[in-house]
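Student: Have a look at this one before I ask anything.
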Amino acid sequence: MTIYLIVICFTICIINATESKKPYDKNKLATWQLECELGIISDPECPVDGGWSAWTPWTSCQGSCDETGHRRRTRECMNPPPSKNGLPCSGTDYEMETCYLNNCSLKDFRLLVKGDPARSTGLRQLEAVPAVAERCLQIQCPFEAIEAALVTENIWQLNAEEIWNDLLCVKRNLGCPVTGQWSAWDSWSICGARCGKGLRWKQRKCDTPPPSDARLTCSGSPLQYEECEGDQCAIEEPYLEHSSTGSWTPWGSWTECSENCGMGIRRRKRLCIEKYTPHSLFTWNTNCRGQYDQVETCSKKKCNLDGGWSGWSAWGACSQTCGAGKRSRCRSCTRPSPFGKGKNCFGSRTEVGTCHLKPCEVYSHTVSFFNGDSALEYFFPKQHFTFFHFYIRFMPLSPSGTIVHRGKLNDPFIHLTLHKWHLCLDISGSSKCILPRFCSPNSIAPAVWHSALVTFTNNAALLRINDAQMPLKYSVSCNPELDKNVLSISVGKGFHGAVEEIIFNFIPLSMFIEKQRHSSTSSKLFPTSASNIVYDKANLDEAFVSLENDYYIRIPCFNKSEDTWHVKLTLNPTTGDGLIFVIYDSLIGNWILLALENFRLKIKLRAGEWKPESLSSTAHQVDQWIDLSISKRKSANVIEAAINGRERLHIFLNNVQFQKRDGNNRRQTYVNDSSVGIDNICGDIDDKYATVLPNSIHDIKCRDEFYVGDIPFYIKNNISEDIQGFSGTIASIHINGALLNLHNCNRERNVGNTVQLSSRTASLSGSYHETAWGKSNLLNLTCIYSKVLSSVKSQSYWVMLDTAISGRLSSKNVTVYDDGRILRLSLPEDKELRGFYTCRSYSNDRTRNVITYGVIGKFENNFMGPDFTTALAVFTTLSLVVFTLGWLITEGINDLRDGYGFFRDIHLTPEKEAEAVCNYIDQNIHLLGSKSAARVAKARARRKARQLTSRASFAAQEPEGLMEIDNNNYGSVIEESPSTSLLQLPDTKCLRLEPSHQVFRCEPSYVSSPRHGSNITSPLSRITSSSSIENSSRNLFSKLLLNKTRTSSKQNLGAQILHRIKNEITSNRSQLLTIKPSALVNTLSPGQRVLQKFQQLKMDDP
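In mature numbering (1 follows the signal peptide of the UniProt record, and there is no 0), the protein residues as written are -20 to -1, 1 to 1082.
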């Protein structure tokens, strides 16, 4: 049994060793680990990184009644669990969020305050007023509600202030009565006598904690004494009360007692009058003995204590689970409570504030969830590209996985992976040009949405993560030899997470296979396969747009024909200052802006010389969202802004004084003083707009686009407001009630005096084309952005990858020309200028990318080998053509050599026909009976051949139309006795030849003559000429051989043949005598022609 177990274990070890390809050499092991990470190999020993499972549901809210509590949810690192030295999951395995416990009953509060004397006493006070206890313990009651309840029910004559304090004590544990406690003793003071015996003391205070009421002060003394002796004596005489060298002044007055209520401390001092002044100024000895500083306890007879506010309670529950709501917090006048003739607290007991926990409505998308075994495959043979431009928006849930994969190691290879929460890029060209792997220096956060842009050109490979200003870039030092390849990519192998959008070479890729049938006209491309993909609505965070580092959003204007508009924004700022919303009237230079200033909302406008502004009174809470709205009603002269639907700000569009002054002028001329932006993108104002009527001076219209977060630099130069860009998150934007898809809007940022686009904005275009420099070494890129020529130049400019072309390419002799309809870009031949160029223009009410060019370099007419299918088809076709031509040439040569073949049938002369008959007779002597009969037959055949040859020669020499043949004579010539006629072979439908016999075709042919091509030939030549297959020697001899094989004996065969010949001659004799010469050839049947031939041979035989 032990031997069997050893054999089984040994076998298992061998199987495992053969299945795993893990090397043991250190150098090979590093390569093997890299291949495992790249997904090149699938080895069971490859490390497996851990992945999080789904979150569990939230637990119930934990905490005290009517207070802010918490709840939590957890997840486990088991999808999959880490193994084979794989990385563990990154991040926490639990999440907590605040919640609020409300609707607690009186019984719940009894359990809550059990063991706390102060709160238990307060609850008993509340129970004395049932109306307050039953209602205010469950819901939030203001102080005025308690006063109203005590008016109708107050048996114990309680004070409303006391009930309020007890309510806060029980519900919020705020302002509860506190008995004062002594602090720790201070250190001992210096001796109260500088010279001689005295006292020193130490003190303590009743402030740990301080009493909340005068009746709850500390008991005991705040002072403690002990004897001491001073050592600064200037006299040496014995101790006396009065010294001759110094004397004391009377004691000073006592200070005020340090405590208004309870035990305190007071102090007094006296001075020594020195009769002898020491010579040294640095001598501190004294000539007086005794105590100079005295301290004692005290208390005031009348205790008057001013009230003081307690701290604010925590904010209560928000009235709305999403969107803007209300919340409140309270305080009590119990620190301390007023006593005696002390003053009450001044201010409000309750503060109501706004709250906004999360947005209610966002534009969410349907996303694809990957579980590690999922994948999306795309293959489009009609799409061929040289460059690679790929954008993806994803949310990772595990530290490793493949984001996108294209090609093989020998072809242009692109592999974007997630490795230990770092994005890594592996790229190689068609040749041996392989770039080293480069990864992001910082890890990306799990369970957060990220974006990545990957490009690969002849110049460099680029990786841009989360719209970073400076992407990761690796220059290509070798020639990658990029070819036009079909669109074939794989997304999500081994990836755990979600994907929201994929864009490849400026073409949006759909992630849904079933939609291909329903949206065939869509510009999106669909996957060829999707395995283990789950489609579901994304969470709220997916719809958010983060605006950091001076990014802003361009949004098309609302209905321009109407004077009414309403814009609502939901945002969460991270700083207290920032520009939120701007409308800029490019025609007359007026503008409206909405901004944060020290966490307060500010609205300001410019309408001519009128520049009003308004600032909100309440500050924004840092951890809260904000609902902002700005609107203008039809024919109204005011702009209104609201914060969370509560506080409203108003500013007027014009001033009466300006209107009166402007009304005196019939016409006012306003010139757009905007400075030139990117290649003069703002342009000049059309002449018809140069004159503006006075009533339009203070008008502000959204003419093309408005901006959220910041404004372009060429507009910022015209607004004399020093306001920085917004930093935070935009959740949603409503325009006239319609929810906007934020991710479809253009996002860009200012970089000096140029513009940089976000990765997604730079990845979409109307069309994409790849081009190269020709022989002129000058490439002209053309963009038609308008159908009509306009004198007002729109905002049109060229973008190289994601940054606008401005002065940065001036050293490359790059020129831009714009005629109002067509935008041209002239690029000289330069390797550094290879890449992506996008024409960006304002058209169809928004700024968009019109067309994108991929400049791949210098055009080289290099023949590239076809693929395998094309090569096989071409080779097969050429082989068939060569074989057919060779066969035809061979047959032609044989035809020329033999006189017959594939192109021509055989035509025998009379001599050759005779030789063929003679050969046949030699092979079939048994048919004639004896050799002598065979010799006679052969002699006849040769004689007949000579006669036919001589007749044909004579007929050829006759003049045309002189030779006539009488029908009767001709009939007598061919008439013969049936007994002397030759054998007629029967017709057969099937020919079976034996290989030992030679088969010949013996038939008369036209005799060559000078008039062979003429229309009139001699009758004899026509009679002796035949090309019919039925009576040819080939068919004739075949029939003879067939009959030979079917006959069992020579006698039976000869008898049958002779019998058939006789019947044939008898039935056809009358027909042969009536044949006309002119139609002789056409009227004779094949059998008659054979009979005629043999009859002629018989007649010639003497």
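The beta carbon of each residue, even a glycine, is placed where N, CA and C say it ideally should be.
All figures in this text were calculated on a predicted structure; none of them were measured in a lab.
Is the CB of E77 under 7 Å away from at least one CB in chain D?
Tutor: Reference to chain D is not applicable here, since this structure consists of a single protein chain.
Student: Could you tell me the distance, in whole angstroms, from the CA atom of R247 to the CA atom of G320?
Tutor: 26 Å
Student: Note down, in chain order, each residue of its chain lying with its Cβ closer than 6 Å to the Cβ of V471, except the 5 sequence neighbours on either side.
Tutor: L356 and V384, listed in sequence order.
Student: Under 7 Å Cβ to Cβ from T437, same chain only, skipping five residues before and after it: list those, please.
Tutor: F367, R814 and G815
Student: Please state whether DSSP places V93 in a helix, a strand or coil.
Tutor: The DSSP-derived three-state label of V93 is helix.
Student: So, A140 versus I126, is the Cβ gap smaller than 7 Å?
Tutor: yes
Student: Threshold first: 4 residues or longer. Then list the alpha helix (DSSP H) segments lying entirely within the region 112 to 157, N to C.
Tutor: Entirely contained in the region 112 to 157, the alpha helix (DSSP H) runs reaching 4 residues are, in chain order, 123 to 132 and 140 to 152.
Student: For a quick check, are the C-beta atoms of G71 and P426 less than 7 Å apart?
Tutor: Between G71 and P426, the CB-CB gap stays under 7 Å.
Student: Please confirm whether T225 and N265 have their CB atoms less than 7 Å apart.
Tutor: no
Student: For the 8 Å Cβ check, are there 3 or more pairs between the region 462 to 477 and the region 370 to 387?
Tutor: yes
Student: Do you know offhand how far E461's Cα is from A621's?
Tutor: 59 Å
Student: How far does the beta strand (DSSP E) with V471 in it reach, from first residue to last?
Tutor: N465 to V471
Student: CA-CA distance, H714 and T544?
Tutor: 14 Å
Student: From G381 to G49, what does the alpha carbon distance come to, in whole angstroms?
Tutor: Each residue's alpha carbon lies about 38 Å from the other.
Student: Could you tell me how far apart the beta carbons of Q183 and I245 are, in whole angstroms, since I believe they sit closer than 8 Å?
Tutor: 6 Å
Student: Would you mind working out which of C149, P60, T818 and N145 sits nearest V93, comparing C-alpha positions?
Tutor: Closest in alpha carbon position to V93, among C149, P60, T818 and N145, is C149.
Student: What does the Cβ neighbour count give for I764, buried or exposed, with the cut at 16 atoms within 10 Å?
Tutor: exposed
Student: Looking at the structure shown, is D902 part of a helix, part of a strand, or coil, going by DSSP?
Tutor: helix
Student: Reducing DSSP to helix, strand and coil, say where T266 ends up.
Tutor: strand
Student: Mind pulling the beta strand (DSSP E) runs of 3 or more residues that sit fully within the region 255 to 339?
Tutor: 273 to 278, 304 to 310 and 330 to 336
Student: Using 8 Å for Cβ pairs, my map puts C537 next to F686. What's the rounded Cβ distance?
Tutor: 6 Å
Student: Whole angstroms is fine: what's the gap from T850's alpha carbon to F418's?
Tutor: Roughly 38 Å between the two C-alpha positions.
Student: Just tell me which of T132, L138, F123 and N82 has its CA closest to the CA of L106.
Tutor: L138
Student: Is any heavy atom in the ligand GTP found nearer than 6 Å to the beta carbon of T857?
Tutor: Within the structure as shown, the ligand GTP is missing, as the structure has no ligands at all.
Student: Using the three-state DSSP reduction, which class does N552 fall into: helix, strand or coil?
Tutor: strand
Student: Leaving out five residues on either side along the sequence, give the residues of the same chain with a beta carbon under 6 Å from the beta carbon of N645.
Tutor: Because the pLDDT of N645 is 39, which lies under 50, any placement of that residue in the model is unreliable, and the question is left without a value.
Student: Under three-state DSSP, which class holds residue 1086?
Tutor: A question about residue 1086 goes unanswered here, because the residues of the chain that appear run from -20 up to 1082.
Student: Using the Cβ count rule (16 or more neighbours within 10 Å means buried), how would you classify K582?
Tutor: buried
Student: Assign P24 to one of two classes, buried (16 or more other C-beta atoms within 10 Å of its C-beta) or exposed (fewer than that).
Tutor: exposed
Student: Counting only the same chain and skipping the five closest in sequence on each side, list residues whose C-beta sits under 6 Å from that of G837.
Tutor: N438, A752 and R814
Student: With a CB to CB cut of under 6 Å and the five nearest residues on each side skipped, what residues in its chain are close to D273?
Tutor: G172 and K249
Student: Answer with buried or exposed for G558, where buried requires no fewer than 16 other C-beta atoms within 10 angstroms of its C-beta.
Tutor: buried
Student: Count the C-beta pairs between the region 56 to 69 and the region 23 to 40 that are closer than 8 Å, then say yes if the count reaches three, no if not.
Tutor: yes
Student: Would I905 pass as a contact of K918 if the rule is Cβ separation under 7 Å?
Tutor: The answer is no: Cβ separation not under 7 Å.
Student: If you follow the alpha helix (DSSP H) that D521 is in, where does it begin and where does it stop?
Tutor: Start and end: L520 to A523.
Student: Identify the continuous alpha helix (DSSP H) that holds F693 and give its terminal residues.
Tutor: F693 to K696
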